[in-house]
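Report on the structure given below.
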Amino acid sequence: MIGAGQGHHSHVLGNRPFQFKRRETDRIVAGVAGGLADSLRVADAYVRAAFLTLLSIWGIGGVLYMAFWLIAFDTVEDEEVEPVTSSQALGLAAAFGGVLFLLGAFGWWPNPVFVLTAAALSFGTAALTDSSRPAPLAGLFDPNVEKPSRTRILVGVVLLIGGLSILNIRVGGLFEFSTVFLAVGLTGLGVAVAFGPWVRRLLGDLATERNERIRQEERAEVAAHLHDSVLQTLALIQRSDDSTRMAMLARKQETELRDWLYGSVPLDGIDLVSTALKSAASRVEEDHQIPVDVVTVGDRPVDEQSKALVGAASEAMVNAAKHSGADRMSLFFEADEAEMSVFVTDQGRGFDSSAVEDDRKGIANSIRKRVEKAGGTVEIDSEPGEGTEVVLRMPVEIS
Amino acid sequence: MSVKVYLVDDHRLFLSGVKAELAEEFRIVGSAYDVDTAIVEIRGFDPDVVLVDVHMPDGGGVAVIEGVVATNPDVKFLALSVSDQAEDVIAMIRAGARGYVTKTIEPPDLADAVRRINVGDAVFSPRLAGFVLDAFAGAIPSDDDPELDQLTSREKDVLRLIARGYAYKQVARKLNISIKTVETHVSSVLRKLQLSNRHELARWASKRRIV
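Protein chains in written order, with numbering that gives the first Met the number 0: chain A, 0 to 398; chain B, 0 to 210.
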């Protein structure tokens with residue numbers, strides 16, 4: 000971003016405040032050198048050369064690179080920057096040279112030959128590859144090239160041979176750490192220059208392709224699901240004249256879609272009581288055209304006991320749908336460490352529990368039998384005109 | 000003077016439906032399809048009750064509540080949603096909504112909820128009652144204020160009955176207490192939900208998302 004109006008106290012290089020961000024595009028490692036080049040408004044090739052030169056002095060370049068990487072949080076798209084004037088560029092070069100020789104004066108160079116060789120090689124390469132002006136090797140780091148070009152391979156091989164020959168030339172310092180370091184660095188650089196952009200492009204292509212495929216698979220899955228469920232239901236609704244039926248279709252679809260969108264996925268294939276109760280409730284909704292409001296608190300895996308509980312709850316719901324006359328009912332399930340309980344509640348006409356007709360008694364008995372056989376209890380609470388509540392309780396066996 | 004109601008929902012069809020249902024009894028002072036308009040207009044109209052959708056672009060219902068609560072502290076919010084996601088519902092309540100109902104609510108029940116919210120009561124749908132019971136089921140009281148992190152057994156009884164589809168009146172009769180007492184219990188649960196240990200509730204909500 001160009002910070003207009005803040006120029007008075009800003010950097011010596013112009014009226015643009017010094018803002019350091021890593022580059023998002025057109026980068027080789029993490030965009031640090033590129034970002035720094037943008038901030039200093041010089042060609043990135045020279046900043047990279049500077050880092051490489053400093054790398055030959057006990058790896059300072061690497062440490063500096065890491066440090067800049069750490070302080071730069073943001074990455075930024077490649078932006079056009081106005082290059083510094085030639086006198087400013089000369090100043091920067093002189094400053095860098097000064098720092099380099101100051102390190103030498105303090106005796107911190109591992110070996111003058113290495114440092115100067117590294118400096119000559121890196122800045123030489125930079126001059127050859129500077130993409131900001133027509134240069135013989137410009138575009139060396141451009142990833143949009145099909146395969147390694149002849150010039151790139153040539154430069155890479157020269158660097159490689161240079162790196163390897165340093166190992167051989169310095170007989171006395173063959174196993175000196177800095178020698179190995181520089182040699183490995185140059186060799187690595189050679190390989191990187193020769194094949195880097197090509198490999199990078201290949202990796203980038205693979206990632207893009209993979210993302211695209213995942214996206215398409217997801218879209219296909221969503222489309223298939225919507226087609227089988229929502230679209231079918233909408234077609235059914237359009238063909239239906241009965242408003243109750245329409246409402247039920249819509250409700251069933253809603254439950255189903257919601258389950259698909261936010262539904263609880265059974266862990267490790269274990270079926271949960273809450274899921275079993277919900278599907279029992281939606282079966283009742285479908286068969287008897289009456290909404291069931293399901294609320295569950297806590298959960299348990301389905302076992303023999305809870306199967307009895309779910310079966311009995313289904314029966315109670317069917318019973319309420321057939322006989323209560325209510326226009327909706329509630330199913331409440333709660334599980335804690337000690338027991339599971341189910342409440343099937345309707346606000347319908349209710350009945351006198353002491354004087355029920357045989358049919359209803361039969362159902363009550365059947366519910367009772369199921370639950371009691373599995374070790375639970377049943378309460379049926381009803382008064383004429385007060386609705387009905389069936390309460391099923393089942394102790395949880397401590398295994 | 001009739002109750003001033005403001006509606007916020009990005010789903011226009013639903014919004015006009017609710018408007019028609021409530022217009023008989025309440026004064027609809029305005030409505031908005033998006034968060035920013037809603038905040039500006041609610042500040043201006045200063046309605047008694049705002050019905051606000053949970054899911055909207057630009058922050059949803061939570062953003063509306065947070066944008067208004069400082070300037071108009073007396074506005075009461077009722078959250079409306081098709082969402083069953085506990086964390087959405089709980090987030091609305093914690094932002095300051097005094098109630099939550101699903102969009103499938105019957106028109107008379109919705110009107111009743113607005114009335115209740117207006118006089119300062121809390122409105123819990125069966126589902127919200129279930130969420131709250133679930134959220135506080137394994138709650139370990141924190142050291143600072145253990146009372147806030149647990150429900151009394153009476154409060155749990157009330158919530159269980161609401162979760163079973165009982166109206167406040169029926170809850171009162173079932174427990175042999177007055178409707179006023181039921182309202183007090185529900186308000187106290189609402190307060191605990193808004194003030195209790197954030198950490199516990201956040202963890203509960205995120206756990207539900209995974210399971």
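Every residue, glycine too, gets a C-beta built ideally from N, C-alpha and C. Predicted, not measured: the structure shown is a model, and the values here were computed from it.
Chain-ordered chain A contacts of residue i [CB-CB under 8 Å]
i, result
"B/Ala136", "Val296, Gly297, Asp335"
Alpha helix (DSSP H) segment containing residue i, residue limits
i, result
"A/Thr84", "Looking at the DSSP string, A/Thr84 is not in any alpha helix (DSSP H), and its letter there is neither H nor E."
"A/Ser278", "272-287"
"A/Trp68", "59-70"
"B/Asp156", "152-162"
"A/Glu303", "303-322"
"B/Met91", "85-94"
"B/Val190", "The question names Val, but residue 190 of chain B in the sequence shown is Arg. Element bounds for B/Arg190: 178-194."
"B/Val170", "167-174"
"A/Asn110", "First-last for A/Asn110: undefined, no H or E at that position."
"A/Phe350", "It is not in any alpha helix (DSSP H) - A/Phe350 carries neither H nor E in the DSSP assignment."
"A/Ile236", "231-238"
"B/Arg11", "11-22"
"A/Ala337", "A/Ala337 -> no alpha helix (DSSP H), and no H or E assigned at all."
"A/Arg47", "43-54"
"B/Arg114", "106-117"
"A/Ser38", "31-39"
Inter-residue spacing [alpha-carbon to alpha-carbon] between residue i and residue j
i, j, result
"A/Asn318", "A/Val293", "16 Å"
"A/Asp469", "A/Pro300", "For residue 469 of chain A there is no data in the structure shown, the boundaries of chain A being 0 and 398."
"B/Ile176", "A/Ser228", "47 Å"
"A/Ala471", "A/Ala44", "Lying before the first or after the last residue shown, residue 471 of chain A is absent from chain A, which here runs from 0 to 398."
"A/Ser323", "A/Val390", "16 Å"
"A/Gly347", "A/Leu330", "14 Å"
"B/Ser15", "B/Thr70", "27 Å"
"A/Lys368", "A/Arg238", "43 Å"
"A/Lys306", "B/Val118", "45 Å"
"A/Leu260", "A/Val377", "35 Å"
"A/Gly58", "A/Leu205", "33 Å"
"B/Gly29", "A/Gly30", "52 Å"
"B/Gly59", "A/Ile236", "31 Å"
"A/Leu266", "B/Lys168", "In this prediction, A/Leu266 scores a pLDDT of 49, lower than 50, which makes its location untrustworthy; no coordinate-derived value is stated."
"A/Val46", "A/Ala118", "12 Å"
"A/Arg22", "A/Arg209", "24 Å"
"A/Ala134", "A/Phe122", "Only weak support is given to the placement of A/Ala134: the predicted model assigns it a pLDDT of 48, under 50, and the value that follows is read from those uncertain coordinates. Roughly 14 Å between the two C-alpha positions."
"A/Phe194", "A/His224", "45 Å"
"B/Gly39", "B/Arg114", "Per the sequence shown, the amino acid found at residue 39 of chain B is Val instead of Gly. Taking the straight line joining both Cα atoms gives about 24 Å."
"A/Gly171", "A/Ser55", "Annotation note: pLDDT 48 at A/Gly171 (below 50); position unreliable, coordinate value reported separately. So the two alpha carbons sit approximately 18 Å from each other."
"B/Phe13", "A/Leu201", "50 Å"
"A/Glu388", "A/Phe350", "11 Å"
"B/Val17", "B/Gln193", "27 Å"
"B/Arg26", "A/Ile70", "57 Å"
"A/Arg199", "A/Ser38", "25 Å"
"B/Val100", "B/Asp8", "14 Å"
"A/Ala32", "A/Ala93", "19 Å"
"B/Ala162", "B/Val34", "31 Å"
"B/Gly98", "B/Val170", "18 Å"
Residues that residue i contacts on chain B, provided the C-beta gap is smaller than 7 Å
i, result
"A/Ser329", "Pro125, Arg163, Gly164"
"A/Thr232", "Chain B residues near A/Thr232: none, gap ~16 Å exceeds 7 Å."
"A/Phe342", "Arg163"
Proximal residues of chain A, C-beta to C-beta of residue i below 7 Å
i, result
"B/Leu133", "Before going on, a small fix: residue 133 of chain B reads as Asp here, not Leu. Result: Val296, Gly297."
"B/Gly129", "Val294, Thr295, Val296"
Residue span of the beta strand (DSSP E) that contains residue i, given as start and end
i, result
"B/Thr101", "98-101"
"A/Thr295", "291-296"
Bridge partners - residue i, DSSP secondary structure assignment
i, result
"B/Tyr5", "B/Gly29, B/Val49"
"A/Phe342", "A/Phe331, A/Val390"
"A/Asp380", "A/Glu388"
"B/Arg80", "The amino acid occupying residue 80 of chain B in the given sequence is Ser; Arg does not appear at that position. Partner(s): B/Thr101."
"B/Phe123", "B/Tyr99"
"B/Lys75", "B/Val48"
"A/Pro300", "A/Leu271"
Distance cut-off 7 Å: residue i Cβ against heavy atoms of the ligand HEM
i, result
"A/Met245", "With respect to the ligand HEM, the structure offers nothing, as it holds no ligand at all."
Test: residue i CB closer than 8 Å to a CB of chain D
i, result
"A/Arg47", "No chain D is part of this structure, whose protein chains are labelled A and B."
* Asked: According to a CB-to-CB cut-off of less than 8 Å, which residues of the region 48-64 of chain B neighbour chain A?
  -> none
* To do: Residues of the region 17-44 of chain B with a CB closer than 9 Å to any CB of chain A: list them in chain order, please.
  => none
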